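Chemist: Read top to bottom, the protein sequences are chains B and C.
Remember, my numbering sits 13 above the position in the first sequence when you count from 1.
Remember, my numbering sits 42 above the position in the second sequence when you count from 1.
Beta carbons: idealized from backbone N, C-alpha and C, even for Gly.
No experiment lies behind these values; they were computed from the predicted model shown.
Got a structure here, written out as structure tokens. Questions coming.
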Amino acid sequence: MRRPGRHQLSCSAVRGRLSAYLDRDLERRELAEVARHLEACAACAREEASLRAAADLLGALPRESASPAIAAAVLHRLEVERRGPGLRLLFRSAWQARPLILPSLLPAALVFGLAIGGGLWVDQRMSRPVPAVPPGAAWSARPAPFGSEANPALPTTGIQAPQPLPCEGAPAALPASGGEDALLFEAVVARDGRVWSVVSLGAGDSVAQGLLRQLRAERFAPGRAAGRPVAVTIYRLFSRVEVRAST
Amino acid sequence: MDAAGVSISADSVVLPGAEGTLVELCLRGDGAAFGRLVSLHEGMVYNLALRLLGDREDARDLAQDVFLQVYRTLSGFRGRSSLKTWIYRITVNLCRNRYRWWRRRRRDQWCRLEDLSAAEEARVSSARPGGESPLAQVERRDHARHVQAALLDVSFDHRTVLILREVEGLSCEEIAAALGIAEGTVKSRLARGRKALRRSLERCGARGGTN
Numbered sequence: 014m015r016r017p018g019r020h021q022l023s024c025s026a027v028r029g030r031l032s033a034y035l036d037r038d039l040e041r042r043e044l045a046e047v048a049r050h051l052e053a054c055a056a057c058a059r060e061e062a063s064l065r066a067a068a069d070l071l072g073a074l075p076r077e078s079a080s081p082a083i084a085a086a087v088l089h090r091l092e093v094e095r096r097g098p099g100l101r102l103l104f105r106s107a108w109q110a111r112p113l114i115l116p117s118l119l120p121a122a123l124v125f126g127l128a129i130g131g132g133l134w135v136d137q138r139m140s141r142p143v144p145a146v147p148p149g150a151a152w153s154a155r156p157a158p159f160g161s162e163a164n165p166a167l168p169t170t171g172i173q174a175p176q177p178l179p180c181e182g183a184p185a186a187l188p189a190s191g192g193e194d195a196l197l198f199e200a201v202v203a204r205d206g207r208v209w210s211v212v213s214l215g216a217g218d219s220v221a222q223g224l225l226r227q228l229r230a231e232r233f234a235p236g237r238a239a240g241r242p243v244a245v246t247i248y249r250l251f252s253r254v255e256v257r258a259s260t
Numbered sequence: 043m044d045a046a047g048v049s050i051s052a053d054s055v056v057l058p059g060a061e062g063t064l065v066e067l068c069l070r071g072d073g074a075a076f077g078r079l080v081s082l083h084e085g086m087v088y089n090l091a092l093r094l095l096g097d098r099e100d101a102r103d104l105a106q107d108v109f110l111q112v113y114r115t116l117s118g119f120r121g122r123s124s125l126k127t128w129i130y131r132i133t134v135n136l137c138r139n140r141y142r143w144w145r146r147r148r149r150d151q152w153c154r155l156e157d158l159s160a161a162e163e164a165r166v167s168s169a170r171p172g173g174e175s176p177l178a179q180v181e182r183r184d185h186a187r188h189v190q191a192a193l194l195d196v197s198f199d200h201r202t203v204l205i206l207r208e209v210e211g212l213s214c215e216e217i218a219a220a221l222g223i224a225e226g227t228v229k230s231r232l233a234r235g236r237k238a239l240r241r242s243l244e245r246c247g248a249r250g251g252t253n
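This is the structure in structure tokens:
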């Protein structure tokens, strides 16, 4: 490579300017300096010639005519889009395809909220304690909940029977009188331990009536089912046996 | 009216002259006017796409897509550049997207320029003064294929600048406006692109690139 003189460009400087030189996109002074260098430097001149030849080859590429179908095809596609709602469906955006998606989400959310709220409300009602049906209340077509005083449980497996609590005064017992007899009573012990109802399953004589009053005054630890107090039907048998000493 | 003679309206910009009238008619929905607009620019769009992509079918398809996009976005054209420059930009962007799509699918056959049809050959050769011998036609066709192959070997950005400069004859300023880049970037890509093309031509063994 030539070493630059006082006012001459180096080969590397010239080669960095060759592209601009090809386009004549340099200051007049620079153009002249590059031209002088190319006249004197064969290597740089070859470099410039090869770049120019490559550019000329590109420029010489044949210009092809666009197919006559391009304009017609474009207009045809535009016409189809304009005319055909069916085909237009293929080119619409997702928002255009579902313009009512937001307005329909609001009532859907409302219905969903109502369904969830209704379910929660019903669940709350079901878990509330069922009010006791007073004895003698009119029969209702809807069965009373299991374990309530109107539908007491029986002391079976899984049902803890009510336990009598120590009571004030003498416990219920048949009065001491002659003869042997047995009286059977059916009682419903309520969830609070009180005797909700008691009936004699035998004859309604005066002895049974007296015992009924005693039984109604009794108190129990309430029966339980799965740890929950429930009303339980119990049966009380009172029997009197005369015992005579043998002689 | 600004210094360039372009009037600005609230809706769109009207270009001066026949081009401005054509755009105005297109915006009013005049189908014939749009057909005329397509006819005026389809050659430029097709050839640019052809040189960028190297495939005639793809270039035809892409040219249609370019004009469909022109139609759909014409109302947004503000006249800051010429209509031709604006269409150049759309073409280059769509070609870039198509090129990336190819590259993701590792398209192997990059140069598929088929021979011109016989009718096209006859038309091209008859357009040359004095006609062209069959041997010259074959040589020219073969030569073009090599140059196109070498061109496709250059990176897309360099190739774009080379084609706009050497084939379409745009100035660096016009290329910068068309691509939306700085003029200095255009010159830099042009310099590197020319060197890359020269190396590619040497590899492809085309005539005129190795001397």
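With three or more C-beta pairs closer than 8 Å as the rule, is the stretch 236–252 of chain B touching the stretch 171–179 of chain B?
Modeler: yes
Chemist: Can you give me the C-alpha to C-alpha distance between glycine 226 (chain C) and leucine 232 (chain C), rounded to a whole angstrom?
Modeler: 10 Å
Chemist: Can you name the start and end residues of the beta strand (DSSP E) that phenylalanine 198 (chain B) belongs to?
Modeler: Annotation: the continuous beta strand (DSSP E) that includes phenylalanine 198 (chain B) extends over 194–202.
Chemist: Pop quiz: glycine 236 (chain B) and valine 202 (chain B) are said to be a contact at Cβ under 8 Å. What is the actual Cβ separation, rounded to whole angstroms?
Modeler: About 6 Å separates the beta carbons of glycine 236 (chain B) and valine 202 (chain B), which is inside the 8 Å limit, making them a contact pair.
Chemist: To which residues of the same chain is aspartate 194 (chain B) closer than 6 Å at the C-beta, ignoring the five residues directly before and after it?
Modeler: Arg253
Chemist: Of all the CB atoms in chain C, is at least one closer than 7 Å to the CB of proline 75 (chain B)?
Modeler: yes
Chemist: Check the DSSP bridge columns for glycine 121 (chain C) and list the partner residues they point to.
Modeler: None, per the DSSP bridge assignment.
Chemist: Give a yes or no on whether 7 Å exceeds the smallest Cβ distance from valine 87 (chain B) to chain C.
Modeler: yes
Chemist: What residues of chain B sit near tyrosine 130 (chain C), judged by a beta carbon separation below 9 Å?
Modeler: Those do not exist, as tyrosine 130 (chain C) stays about 15 Å from chain B at its closest Cβ, beyond 9 Å.
Chemist: Could you check whether the Cβ of glutamine 179 (chain C) sits closer than 7 Å to any Cβ belonging to chain B?
Modeler: no
Chemist: Whose CA, out of B:Ala33, B:Phe233, B:Pro165, lies closest to the CA of proline 179 (chain B)?
Modeler: B:Phe233
Chemist: Closer than 9 Å, Cβ to Cβ, to anything on chain C: give me those residues from the stretch 39–59 of chain B, in chain order.
Modeler: So the list reads Arg59, given in the order they occur along the chain.
Chemist: In terms of DSSP beta bridges, what is tyrosine 248 (chain B) paired with?
Modeler: B:Glu199
Chemist: Which residues in chain B sit within 8 Å of valine 65 (chain C), going by Cβ to Cβ distance?
Modeler: Residues of chain B passing the Cβ test: none, with the nearest at roughly 16 Å.
Chemist: What separation, rounded to the nearest whole angstrom, lies between the Cα atoms of tryptophan 128 (chain C) and histidine 50 (chain B)?
Modeler: 41 Å
Chemist: On the three-state DSSP scale, how would you describe alanine 233 (chain C)?
Modeler: helix
Chemist: In the DSSP assignment, what residue or residues form a beta bridge with arginine 253 (chain B)?
Modeler: B:Asp194, per the DSSP bridge assignment.
Chemist: To the nearest angstrom, report how far apart leucine 155 (chain C) and leucine 22 (chain B) are at their CA atoms.
Modeler: Confidence at leucine 155 (chain C) is low in this model, with a pLDDT of 48, below 50, so the placement of that residue should be treated as unreliable; the coordinate-derived value is given next. Roughly 43 Å between the two C-alpha positions.
Chemist: If you measure beta-carbon to beta-carbon, which residues of the stretch 95–116 of chain C are closer than 7 Å to chain B?
Modeler: Arg102, Ala105, Gln106, Phe109, Leu110, Tyr113
Chemist: In or out: isoleucine 129 (chain B) buried (at least 16 other Cβ within 10 Å) or exposed?
Modeler: exposed
Chemist: Between which two residues does the alpha helix (DSSP H) containing glycine 13 (chain B) stretch?
Modeler: Nothing in the structure corresponds to residue 13 (chain B), since chain B is present only between 14 and 260.
Chemist: What residue range is occupied by the uninterrupted alpha helix (DSSP H) comprising valine 80 (chain C)?
Modeler: According to the DSSP assignment, valine 80 (chain C) belongs to the alpha helix (DSSP H) that extends over 73–95.
Chemist: According to the Cβ coordinates, are arginine 240 (chain C) and serine 63 (chain B) closer than 7 Å?
Modeler: yes
Chemist: Have a look at glutamate 84 (chain C) and valine 134 (chain C) and give me their C-alpha separation to the nearest angstrom.
Modeler: Within the model, the alpha-carbon separation for glutamate 84 (chain C) versus valine 134 (chain C) is close to 14 Å.
Chemist: What's the gap between the Cα of aspartate 38 (chain B) and the Cα of leucine 116 (chain C)?
Modeler: 35 Å
Chemist: Pull up the distance between the alpha-carbon of serine 117 (chain B) and that of arginine 111 (chain B), whole angstroms please.
Modeler: 10 Å
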